[in-house]
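Please read the structure below before turning to the comments.
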Amino acid sequence: MYRIGFIGLGIMGKPMARNLLKAGYQLVVYDRNKDAVKELVNSGAAEGKSPSDVASRSEIIFTMLPNSPDVKEVALGDNGIIHGAKSGSVFIDMSSIAPLVSKEISGKLEQKGVVMLDAPVSGGEPKAIEGTLAIMVGGPEETFNNVKEILGAMGSSVKLVGDIGSGNITKLANQIIVALNIAAMGEAMVLATKAGVDPEKVYQAIRGGLAGSTVMDAKMPMILNGNFKPGFRIELHIKDLMNVMETARELDVPVSLTDQVLEMMKTLQRSGKGKDDHCSIIRYYEDLAGVEVRKK
Ligand code: NAD
Numbered sequence: 000m001y002r003i004g005f006i007g008l009g010i011m012g013k014p015m016a017r018n019l020l021k022a023g024y025q026l027v028v029y030d031r032n033k034d035a036v037k038e039l040v041n042s043g044a045a046e047g048k049s050p051s052d053v054a055s056r057s058e059i060i061f062t063m064l065p066n067s068p069d070v071k072e073v074a075l076g077d078n079g080i081i082h083g084a085k086s087g088s089v090f091i092d093m094s095s096i097a098p099l100v101s102k103e104i105s106g107k108l109e110q111k112g113v114v115m116l117d118a119p120v121s122g123g124e125p126k127a128i129e130g131t132l133a134i135m136v137g138g139p140e141e142t143f144n145n146v147k148e149i150l151g152a153m154g155s156s157v158k159l160v161g162d163i164g165s166g167n168i169t170k171l172a173n174q175i176i177v178a179l180n181i182a183a184m185g186e187a188m189v190l191a192t193k194a195g196v197d198p199e200k201v202y203q204a205i206r207g208g209l210a211g212s213t214v215m216d217a218k219m220p221m222i223l224n225g226n227f228k229p230g231f232r233i234e235l236h237i238k239d240l241m242n243v244m245e246t247a248r249e250l251d252v253p254v255s256l257t258d259q260v261l262e263m264m265k266t267l268q269r270s271g272k273g274k275d276d277h278c279s280i281i282r283y284y285e286d287l288a289g290v291e292v293r294k295k
C-alpha cells in the first residue's frame with residue numbers, strides 16, 4: 000500500500016484526505032492552518048512539518064490549494080515538495096490552476112524524476128464529503144493507471160483527458176459552463192419573481208425539463224433559502240475565470256459571455272460578497288431589479 004502525502008486541508012482537501020484515510024491509506028498531512036492539521040491527525044493521519052517533509056515520507060503527494068502561486072510555492076519553493084521528493088514518486092495536484100503553470104511545475108519536477116498529474120475536481124464540498132467528485136486528469140497514461148484506484152477513493156468519475164495541463168483545461172471548460180449556468184438561472188428567476196410568480200413553483204415546474212441542470216438542483220434550494228454560505232466562493236470562481244481569460248487570449252478564442260459574468264462576480268466582490276457562495280451571482284440581478292428570489 001502506497002504512503003500518501005496530502006497538502007491543503009481546506010473546504011475540499013479536508014474531506015478528500017478523510018476519504019483516503021477511510022479507504023485505508025496511510026496519510027501524512029500538512030497545511031499552514033494548524034487547526035486543520037490537528038483535525039486530520041485526530042482522524043489518524045501523521046503530521047508533516049513542511050511540504051518537503053511530507054514529500055520525503057510519501058510515494059504519492061497530493062495538493063489541494065487555492066491557486067497557481069500557492070501550488071508553485073508548495074511544489075517548488077523553499078521547503079517545497081521538490082526538495083524532499085524521491086525519484087519515482089508521483090505528484091498529483093488537484094487544485095484548479097492555470098494549465099500553463101501545471102506544465103511548468105511538471106517540467107521542473109521531471110528533472111528530479113517526479114511524475115506529475117494535474118487532477119482538478121468538480122462537485123464542491125458535498126461531493127468531496129461523499130467521495131463522489133468528478134476528477135479530470137492530465138498526464139502520462141501509465142501513471143494514471145497506477146493511481147486510478149486511489150483517486151477512486153475521492154471521486155466516482157475519474158477520467159484521463161490528455162497530457163499534463165489537460166485536466167486544468169477541462170476544469171476551465173467546466174467553470175465556464177457552471178458560471179454561465181448560474182447567471183442564466185439568476186436572470187430567469189429574477190424575471191419570474193418580479194412578474195409575481197412564486198420562484199419555488201417556477202423551479203419545480205422546469206427542473207425536469209431541458210432547462211433543468213445539476214447546477215440548478217444544487218443552487219436553487221440555497222437561493223430560495225437565502226443561504227449564501229460557501230460551498231464555492233465567488234473569489235475562487237473569479238480566479239478560475241481569470242485563468243480562462245488568460246488561456247483564451249493565448250489561444251485567440253472568444254469568451255465574451257465569460258467576460259460578462261466575470262464582471263458581475265467582480266462587482267459582487269467589490270460590494271463585500273467575495274467570500275459568499277457563487278450562487279450569489281443571482282444577487283447581482285436581484286439588486287438591479289429590486290426583488291429577492293426567496294421562499295414565500
Ligand atoms: P480553501 O481556501 O478552503 O483551502 C485551501 C487550503 O490550502 C487552506 O486550508 C489553506 O490554509 C491551505 N494553503 C494555502 N496556501 C498554502 C501554503 N502555501 N501552504 C500550506 N497550505 C496552504 O479552498 P478550497 O475551497 O478547498 O479549494 C481548493 C481548490 O479546489 C481551489 O483551487 C478551488 O478552486 C478548487 N475547487 C473548490 C471547490 C469548492 O466547492 N470549494 C470545488 C471544486 C474545486
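The letter at position 279 of the sequence shown is residue 278 when you use numbering that gives the first Met the number 0, and the numbering goes up by one with no holes. Heads up, the beta-carbon is just placed ideally off N, CA and C, and yes, glycines get one too. Remember, it's a predicted structure, so these values are computed and weren't measured experimentally.
Query: Residue(s) in a DSSP beta bridge with D276; Result: R232
Query: Heavy atom of ligand 1 within 7 angstroms of E129 beta-carbon; Result: no
Query: Reduced DSSP category for T257 - H, G, I as helix; E, B as strand; rest coil; Result: helix
Query: Span of the alpha helix (DSSP H) around M188; Result: S165 to K193
Query: Whole-angstrom distance between V113 and G208, CA atom to CA atom; Result: 48 angstroms
Query: Y284 CB to nearest heavy atom of ligand 1 below 7 angstroms; Result: no
Query: Reduced DSSP category for I80 - H, G, I as helix; E, B as strand; rest coil; Result: helix
Query: Touch test, the stretch 227-238 against the stretch 143-158, Cβ-Cβ under 8 angstroms, three pairs minimum; Result: no
Query: Residues that DSSP places opposite E46 in a beta bridge; Result: V28
Query: Boundaries of the beta strand (DSSP E) in which R269 is found, first to last residue; Result: Unbroken run through R269: none, as it is neither H nor E.
Query: CA-to-CA distance, G12 to I6, given in whole angstroms; Result: 8 angstroms
Query: Residue burial classification, K85 (beta-carbon count within 10 angstroms, cutoff 16); Result: exposed
Query: A97 and E245 closer than 8 angstroms at C-beta; Result: yes
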